[in-house]
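Asker:
Chains as they are written, first to last, in the working numbering: chain B, 3 to 122; chain E, 3 to 122; chain X, 3 to 122; chain D, 3 to 122.
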């Protein structure tokens with residue numbers, strides 16, 4: 003058993019990476035978006051995630067093709083998990099965790115996953 | 003009694019104004035924001051509201067003073083109802099409704115109100 | 003032109019009806035839900051909408067068939083606009099407005115609409 | 003450097019714990035709540051978190067005293083980070099992580115933290 007006092011940088015980096023993905027997903031899903039505003043929404047999500055502790059970088063990509071496919075008669079749609087691809091790098095002490103949320107069509111699920119863990 | 007078929011432009015404009023205020027408030031409350039990102043978040047909210055039907059104009063103002071007051075040790079805070087001031091103009095047919103959500107300190111409440119109804 | 007002072011009960015009821023639909027939609031979209039929890043989520047949405055001013059009644063129905071269709075390997079899905087059907091009755095002074103948000107497959111859109119306006 | 007293939011149960015449990023806390027916080031903040039509905043909202047949050055993969059238990063406590071303090075003239079308030087206390091236990095393989103989000107008045111911040119990591 004490991005009490006809080008002996009959590010490693012790696013432990014903390016992984017926990018923080020999870021927080022960021024869970025938070026941004028449930029904050030921004032549902033936001034109205036169109037081809038014209040998609041870049042601004044990407045930047046807004048990036049800037050809001052960047053503020054949070056231990057975020058080293060964040061890259062948001064919203065799938066323009068899916069925005070076009072599901073846009074309604076008013077030429078916009080709601081941001082959903084199928085069109086969102088976000089990569090976050092968390093640096094905690096000496097450990098960097100690269101995590102990502104991206105829709106997996108086969109699973110029908112916006113999978114949150116750790117892509118790489120690096121000692122720096 | 004009035005069935006849907008005989009709703010007036012005024013009726014529709016008021017209903018749509020309410021939708022926009024309720025929607026943006028519950029979409030964006032909780033978003034991380036700082037003095038550095040506040041302008042980008044204002045623009046992102048404006049652009050997402052502007053996409054919606056019958057929106058003629060929208061103006062978002064986030065109170066920098068309140069952002070500073072409640073920012074945490076990491077120099078950001080969550081967007082909340084005390085710092086948000088949004089004016090929306092809805093044009094439906096010949097009627098324009100100017101509505102607003104703004105915190106009323108005396109009521110402890112982000113009051114949504116209609117400020118003006120105009121025949122155009 | 004009509005200033006705030008001369009808004010009618012009808013005006014206010016329509017504006018408030020819009021607020022409630024916009025708010026609940028953007029608050030609850032994205033919530034994890036399954037066949038087992040769907041009734042509890044319906045009740046939670048109803049109870050939270052009921053608290054708001056001038057709400058006379060609210061009835062939330064989440065489409066079980068759609069929940070089943072899109073549930074993932076973990077047997078749940080996110081609440082989305084295709085499965086949500088909410089009827090709200092707003093009573094302001096002498097006017098009751100019955101409004102609803104329900105997905106319209108033909109429009110690809112969770113349409114918010116006024117179904118009835120009654121003098122009481 | 004450690005690629006995805008060699009993540010440990012501990013790594014995964016910590017990442018998943020972070021996801022759950024970030025997600026629930028940004029999903030439910032802003033929900034209207036009163037003394038009468040607070041228990042139902044606690045149960046709804048618990049049931050929605052419980053659906054997610056690797057959640058062993060979840061316990062939501064909303065501070066009644068704070069609800070009363072900030073309730074408005076209509077006798078409700080919005081759920082915010084100051085009144086929310088959530089404990090989640092994530093079981094991934096042989097590792098259990100106990101995590102929590104709870105407001106820390108001294109930090110002015112709803113701190114998400116790992117309270118215990120156990121080999122089972």
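Every residue, glycine too, gets a C-beta built ideally from N, C-alpha and C. Bear in mind the structure is a predicted one, so any value in this text is a computation, not a measurement.
For the 8 Å Cβ check, are there 3 or more pairs between the stretch 32 to 47 of chain D and the stretch 34 to 47 of chain B?
Answerer: Counting Cβ pairs under 8 Å, fewer than three are found: no touch.
Asker: Quick one: which chain X residues come within Cβ less than 9 Å of residue 76/E?
Answerer: Counted from its first residue, the second chain places residue 76/E at position 74. Under the 9 Å cutoff, chain X gives no residues; its nearest Cβ is about 25 Å from residue 76/E.
Asker: Select from the stretch 23 to 40 of chain E all residues with a C-beta closer than 7 Å to any C-beta belonging to chain D, and list them in chain order.
Answerer: If the cut-off is 7 Å between Cβ atoms, the stretch 23 to 40 of chain E has 28, 31, 32 near chain D.
Asker: Which chain E residues sit within Cβ distance under 7 Å of residue 42/B?
Answerer: As a working mapping, residue 42/B is identified with position 40 in the first chain. Simply 45, 46, 49.
Asker: In whole angstroms, what is the alpha-carbon distance linking residue 62/B and residue 27/B?
Answerer: Working through the first chain from its first residue, we reach residue 62/B at position 60. Working through the first chain from its first residue, we reach residue 27/B at position 25. Roughly 11 Å between the two C-alpha positions.
Asker: With the cut-off set at 8 Å, would you say residue 64/X and residue 110/B are in Cβ contact?
Answerer: Locating residue 64/X in the third chain gives position 62, where the first residue counts as 1. Locating residue 110/B in the first chain gives position 108, where the first residue counts as 1. Contact flag unset, no.
Asker: Quick check: residue 90/B and residue 16/B, are their CB atoms within less than 8 Å of each other?
Answerer: On the first chain, position 88 is the one that residue 90/B refers to. On the first chain, position 14 is the one that residue 16/B refers to. Taking 8 Å as the Cβ cut-off, residue 90/B and residue 16/B do not qualify as a contacting pair.
Asker: Give a yes or no on whether the minimum CB-CB distance between residue 21/B and chain F is below 8 Å.
Answerer: Absence of chain F from the displayed structure is noted, the protein chains being B, E, X and D.
Asker: Using the C-alpha atoms, what's the distance from residue 78/D back to residue 39/D?
Answerer: Taking the first residue of the fourth chain as position 1, residue 39/D is located at position 37. Taking the first residue of the fourth chain as position 1, residue 78/D is located at position 76. Using only the alpha carbons, I get a separation of about 9 Å.
Asker: Does any residue of chain E bring its CB to less than 8 Å from the CB of residue 9/X?
Answerer: On the third chain, residue 9/X is found 7 positions in, with the first residue counted as 1. Output row for residue 9/X: interface = yes.
Asker: Quick one: what does DSSP say residue 13/E is sitting in, helix, strand or coil?
Answerer: On the second chain, residue 13/E is found 11 positions in, with the first residue counted as 1. Three-state result, residue 13/E: helix.
Asker: Return helix, strand or coil for residue 86/X, following the three-state DSSP convention.
Answerer: Within the third chain, numbered from 1, the residue matching residue 86/X stands at position 84. Note: residue 86/X maps to strand in three-state DSSP.
Asker: Can you give me the Cβ contacts of residue 106/E inside the same chain, cut-off strictly under 6 Å, excluding the 5 residues immediately before and after it?
Answerer: Residue 106/E sits at position 104 when you count from the first residue of the second chain. Excluding sequence neighbours, residue 106/E sits near 113.
Asker: Take the Cβ of residue 121/D as the centre, count every other Cβ of all protein chains shown within 10 Å, and call the residue buried at 16 or more, exposed below.
Answerer: Translated into the one-based positions of the fourth chain, residue 121/D becomes position 119. Residue 121/D should be labelled exposed.
Asker: For residue 114/E, decide whether its Cβ has a neighbour in chain D, counting only Cβ atoms nearer than 8 Å.
Answerer: Along the second chain, one-based indexing puts residue 114/E at 112. No, no contact with chain D.
Asker: Measure from the alpha carbon of residue 94/B to the alpha carbon of each residue in 8/B, 42/B, 58/B, 30/B, then state which is nearest.
Answerer: In the first chain, counting from the first residue as 1, residue 94/B sits at position 92. When each option's Cα is compared against that of residue 94/B, the closest is 58/B.
Asker: Residues of the stretch 75 to 109 of chain E in Cβ contact with chain B at a cutoff of 7 Å, in chain order, please.
Answerer: Here the close residues are 76, 78.
Asker: Whose Cβ in chain X lies nearer than 9 Å to the Cβ of residue 61/E?
Answerer: For this step, residue 61/E is matched to residue 59 along the second chain. In chain order: nothing, as chain X lies at least about 18 Å away.
Asker: Closest Cβ-Cβ distance between residue 64/D and chain E: below 8 Å?
Answerer: By one-based count along the fourth chain, residue 64/D stands at place 62. So no, residue 64/D is outside the interface.
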